[in-house]
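In mature numbering (1 follows the signal peptide of the UniProt record, and there is no 0), the protein residues as written are -26 to -1, 1 to 520.
Beta carbons: idealized from backbone N, C-alpha and C, even for Gly.
Here the structure is a predicted model, which is why all the values come from computation and not from measurement.
Worksheet: one structure, shown below.
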Amino acid sequence: MPVNVIIHVSLIFFVVYLLVSSTSNAEGFEIESQDVRRSEFPDNFLFGTAVSSYQVEGGYLEDGKGLSNWDVFTHIPGNIKNNENGDDADDDYHLFLEDAEIAQSLGVNAYRFSISWARILPRGRFGEVNPGGIKFYNKIIDNLLLRGIEPFLTIHHFDLPQELEDRYGVWLSPLMQDDFLLLAETCFKSFGDRVKYWTTINEPNMFAEMSYVRGLYPPAHCSPPFGNCSVGNADIEPLIVVHNMLLAHGKAVKLYRERFQSKQGGSIGLVVHLHMYEPLRDVESDRQAVNRALAFTGGWVLDPLVFGDYPPEMRQYHRSELPRFSSEETEYMRGSIDFIGLNHYSTLYAKDCIHSRCVLGGDHFIRGFTFTTGERDGILIGEPTGVERFYVVPRGMEKIVDHVSKRYNNMPIYVTENGYCPPLTEAAPNLLHDVNRINFYNGYLAALSRAIRKGADVRGYFAWSLMDNFEWAGGYSSTFGLYYVDRLTMNRTPKLSAKWFQHFLANRSSARFNRQRFVNRTPKSGRVRKSKYIVIATTNANATDV
């Protein structure tokens, strides 16, 4: 046998060995072996990737943009891991054309992104609309549409003008409702002729948790036992914050339906973050704890938007702190979503804290008198990832979609975020050779397909994220992207998962992908112009590249 053939065959066996060894750490955890295919989903199903403004844009003081709460918060030493910030982020503000090119190369038909509030209205209602911000988002929207990609636009994703925090404490004040209404109206007027998919607010429940319970996001409010902040009340403030966010959403939807929807033909919803939960012990009290955990997280946000009031599970245990909706508010809140945006990453165990002793705040109303954990009898519920309390549990996707579908009368659902971050100890070469991320997507998409076959009206799925980005308090250490971003050059490089996602969207099986990706052949150029900043995933990977 010629020497070059021996070397090539040996290399293939070595790469296969790497694949096997890279998955060995998952032994003992749930592995989804089903080979999921694009054809298992409806023909008009939206498949996309997702980003948010502060996490990718950069350009934090360019072209008239004002200071946001995150601009200020990240510049305070100790708030962010490694004292990193989003001043430059992924420089999407200058490279958005290249990023749209990347998305197109993957074969997606939708792209979820958000508006920087401080770029559109730098001072909120206390200043003027910034033409530079309108121009920037018009360019993104127009370029996506030229590429056959639907813009899926989130109006507010955590970042907001710092001036509003300084003036009246943002979401702790009902005044914030009018500021949000102005932002929404500006967006509907400026972009609604082309944007057909709107979400008003991203994850009110997660925002309240991280900003007003744990104090890890601005404005960093918390109280014991959840944290030690200089200000805050973790039992009361989150209830006020979510209440104002929901009323702001309701007013924005009322405006959209009365003045814009019939002419523009779009649909509008809200995004909620939801874990799935399983009973820690095989007892009725823990099964009830599962119901409370779901109600005190997802139901807290979704019940008022569908039924007009907070969940009965919350009302049952409420004291005077849980706000009430007036009859007028109930009228415009009820039915104020056309679809549900669902961000789902993981599953946890739930333990009852009404009849059992709990720690870490599980005995508080804000936690639904429920303690949640990823461990039972020393065994993790799923493979750990690089994010605390995020475990790989594919069955949770099917269960949470089934739960949401049944509780909310089979309302249309878009999975607006789902993704994988490797353990932070993972070696650098494995960040590109991300087999565990491929396994994650294969497992979760297979579970989603099962939920759809059971009758859930799921209409879209967005992978988080298109590229590694600024992951809030974790800085740039957490890497969810299909593309790796070099922090010095801003070059985008496709990971193995980008190639897998492209094959999936082309309806080629994972098995075919596994066989073809190691074939040594001359690279072929992709379908679209290549930028000096990126490597398009349509280029066939050589064995030597891996």
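Whole angstroms is fine: what's the gap from ALA185's alpha carbon to ARG482's? Strictly speaking, residue 185 in this sequence is Ser, with Ala absent from that position. In a straight line, the C-alpha of SER185 is about 42 Å away from that of ARG482.
Short check: CB of GLY32 to CB of ASP61, under 8 Å? yes
Taking the beta strand (DSSP E) that GLU252 belongs to, which residues open and close that run? 250 to 253
Local Cβ density within 10 Å of LYS325, reported as buried at 16 or more and exposed below that: buried
Specify the secondary structure class of ASN317 as computed by DSSP and reduced to three states. strand
From the DSSP secondary-structure annotation, give me the bridge partner or partners of LYS55. BP columns for LYS55 are empty, so no partner.
In the region 209 to 276, which residue ranges form an unbroken beta strand (DSSP E) of at least 3 residues, counting only runs that do not cross its ends? 241 to 247 and 250 to 253
Along the chain, where does the beta strand (DSSP E) containing TYR458 start, and where does it finish? 457 to 459
For the region 161 to 170 and the region 229 to 237, state whether three or more C-beta atom pairs, one from each stretch, are separated by less than 8 Å. yes
Option nearest GLU349 by Cα separation, candidates VAL103, VAL169 and THR321: THR321
Identify whether HIS68 lies in helix, strand or coil by the three-state DSSP scheme. helix
When the Cα of GLU372 is compared with those of TYR284, LEU221, HIS249 and ARG168, which residue comes out closest? HIS249
So, with DSSP's three-state summary, where would you put SER102? Here residue 102 is Glu; the residue named in the question, Ser, does not match the sequence. Correct three-state label for GLU102: coil.
Ordered along the chain, which non-local residues of its own chain (more than five positions away) have a Cβ less than 8 Å from that of CYS395? THR359, GLY360, VAL361, PHE364, GLU445, SER452, THR453 and PHE454
THR128: which of PHE436, TRP274 and TYR323 sits nearest, CA to CA? PHE436
I'd like the span of the beta strand (DSSP E) that includes residue 521, first residue to last. In the structure as shown, the chain begins at -26 and stops at 520. Residue 521 is therefore absent and cannot be evaluated.
Across which residues does DSSP place THR347 in a beta bridge pair? TYR323
Would you tell me roughly how many angstroms separate the C-alpha atoms of PHE339 and ASP442, rounded to the nearest one? 36 Å
Please confirm whether GLY429 and ASN384 have their CB atoms less than 8 Å apart. yes
Tell whether a beta-carbon distance below 8 Å holds between PHE270 and ARG381. no
Contact set for TYR418: own chain, Cβ-Cβ below 7 Å, skip 5 residues either direction: PRO368, MET371 and ASN392
Just confirm the distance between the C-beta atoms of ASP133 and TRP44, as a whole number of angstroms; I'd bet it's less than 8 Å. 5 Å
Assuming contact is defined by CB atoms lying nearer than 8 Å, are ILE94 and LEU157 in contact in what I supplied? yes
Buried or exposed: which applies to PRO278, given that a residue is buried once 16 or more other Cβ atoms fall within 10 Å of its Cβ? buried
Where ILE355 sits in the DSSP three-state scheme: coil
Sequence-distant residues of the same chain with beta carbon closer than 7 Å to GLU36, five excluded per side: TYR67
Which residue comes first and which comes last in the alpha helix (DSSP H) that contains SER27? 27 to 30
Give me whichever residues DSSP pairs with MET441 in a beta bridge. TYR457
Relative to the C-alpha of ASP17, which residue among ASN59, ARG433, LEU462 and SER439 is closest? ARG433
Using 10 angstroms around the beta-carbon of GLN476, count the other beta-carbons present and answer buried if the total reaches 16, otherwise exposed. buried
Where GLY107 sits in the DSSP three-state scheme: helix
In angstroms with no decimal places, state the Cα-to-Cα distance between SER259 and THR344. 10 Å
Residue span of the beta strand (DSSP E) that contains GLY22, given as start and end: 20 to 24
State the start and end residues of the unbroken alpha helix (DSSP H) segment that holds ASN413. 409 to 427
Considering Cα atoms alone, identify which of ILE123, TRP91 and TYR171 is closest to PHE110. TRP91
Would you tell me roughly how many angstroms separate the C-alpha atoms of PRO286 and ARG11, rounded to the nearest one? 40 Å
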